[in-house]
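Residue numbers (the numbering used here), protein chains in the order written: chain F, 1 to 84; chain V, 1001 to 1228. Each remark here refers to the structure printed beneath this line.
Written out as structure tokens, the structure is:
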């Protein structure tokens, strides 16, 4: 195998790993945020609007961590700087 | 996967003009002309005014500052991003927000808005917040601002491009009608991401406008009880 082949193989494996490992923590974080928000809404149904609005914004910010992993995987697969 | 990267529609010398430019310019023109025409018709104008006031009261609930100067900016961002996300559902055109250039430009506008409004609200005292609590924090504050802008651009880009990729993969694997449920999910993502982009712009701008005011005595907010 030529060096370029090795770079391709390593890039593909790393792209898969990046998404697989990189989405664990955001998934746990979003689940925790959701359970806390559910708890808060159950305690105070009047504040449901404000809570769910904050939840949406916060979840999008947590999710951006997973999106970074996805962007890195995409760069490795489709715009790899090491491959000609 | 050529649907992922922006395609060059027009070549001007060494400069390739991609479809992103044309589609987003067409959307801007559509929104501009549509808005100009709508204010001449009575019922459309009244509908728009009701929507505007609804948005204004919704934004006012989010933050403690006066949002009146920010409503046009946020509403414009919502309209442009929402239409740019949803135009990808049409055949031939693909949504311009899957191009990192457009989302980066939008994020730079949000970044600039926070600084312009913060400077306008507090003058030089706003710039002094960069060296708070002491000048050692200056590089960290700058990195914080920049990474926040980068995150804003990458979030929208990543969400939209992942929707396109999932749709493309399912079409090439399964068949013509199977990606429809995923496209419906993509509509939800589009709406939520547009909402979040505007909301984060509001939050960042509000924090820039507020950051000095916390040192001063808090001005009394009009309470719902109607006390003087």
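Note that CB positions come from ideal geometry on N, CA and C, so glycine has one too.
query                                                                                                                                                                                  : result
Could you name the residues of the segment 1186-1197 of chain V whose beta carbon sits closer than 8 angstroms to any beta carbon of chain F, in the order they occur along the chain? : 1192, 1193, 1195, 1196
What residue range is occupied by the uninterrupted alpha helix (DSSP H) comprising residue 16 of chain F?                                                                             : 3-22
From the DSSP output, which residues share a beta bridge with residue 1012 of chain V?                                                                                                 : V/1015
Can you pull the chain V residues whose beta carbon is under 7 angstroms from the beta carbon of residue 67 of chain F, in chain order?                                                : 1154, 1155, 1158, 1159
Could you check whether the Cβ of residue 1151 of chain V sits closer than 8 angstroms to any Cβ belonging to chain F?                                                                 : yes
Quick check: the Cα distance between residue 1015 of chain V and residue 1025 of chain V, rounded to an integer number of angstroms?                                                   : 17 angstroms
Secondary structure at residue 1163 of chain V, three-state DSSP: helix, strand or coil?                                                                                               : helix
Can you grab the Cα-Cα spacing for the pair residue 14 of chain F / residue 1108 of chain V, in whole Å?                                                                               : 31 angstroms
Buried or exposed for residue 1057 of chain V, going by 16 or more other Cβ atoms inside 10 Å?                                                                                         : exposed
For the alpha helix (DSSP H) containing residue 53 of chain F, list its first residue and its last residue.                                                                            : 48-78
Quick check on DSSP: helix, strand or coil for residue 1194 of chain V?                                                                                                                : helix
So with CB distances below 9 angstroms, who are the chain F contacts of residue 1199 of chain V?                                                                                       : 53, 56, 57, 60
What number of angstroms, rounded off, separates the C-alpha of residue 1157 of chain V from the C-alpha of residue 2 of chain F?                                                      : 34 angstroms
Closest to residue 1069 of chain V by CA distance: which of V/1121, V/1050, V/1146 is it?                                                                                              : V/1121
Flag residue 1101 of chain V as yes if its beta-carbon sits less than 8 angstroms from any beta-carbon of chain F, otherwise no.                                                       : no
Compile a chain-ordered list of the residues in the segment 1161-1173 of chain V whose CB is closer than 9 angstroms to at least one CB of chain F.                                    : 1161, 1162, 1165
May I ask you to report which of helix, strand or coil DSSP gives residue 1085 of chain V?                                                                                             : helix
Let me know if residue 1155 of chain V comes out buried or exposed under the rule of 16 or more other beta-carbons within 10 Å of its beta-carbon.                                     : buried
Pair every Cβ in the segment 17-34 of chain F with every Cβ in the segment 64-80 of chain F, then say whether three or more of these pairs are closer than 8 angstroms.                : yes
Give the interface partners of residue 74 of chain F over in chain V, defined as CB-CB distance under 9 angstroms, in chain order.                                                     : 1004, 1158, 1161, 1162, 1165
Among V/1063, V/1047, V/1050, V/1012, whose alpha-carbon lies nearest the alpha-carbon of residue 1209 of chain V?                                                                     : V/1063
Closer than 8 angstroms is the cut-off here; do at least three beta carbon pairs connect the segment 1092-1109 of chain V with the segment 1036-1043 of chain V?                       : no
Using the Cα positions of residue 1093 of chain V and residue 1029 of chain V, report the straight-line distance between them to the nearest angstrom.                                 : 16 angstroms
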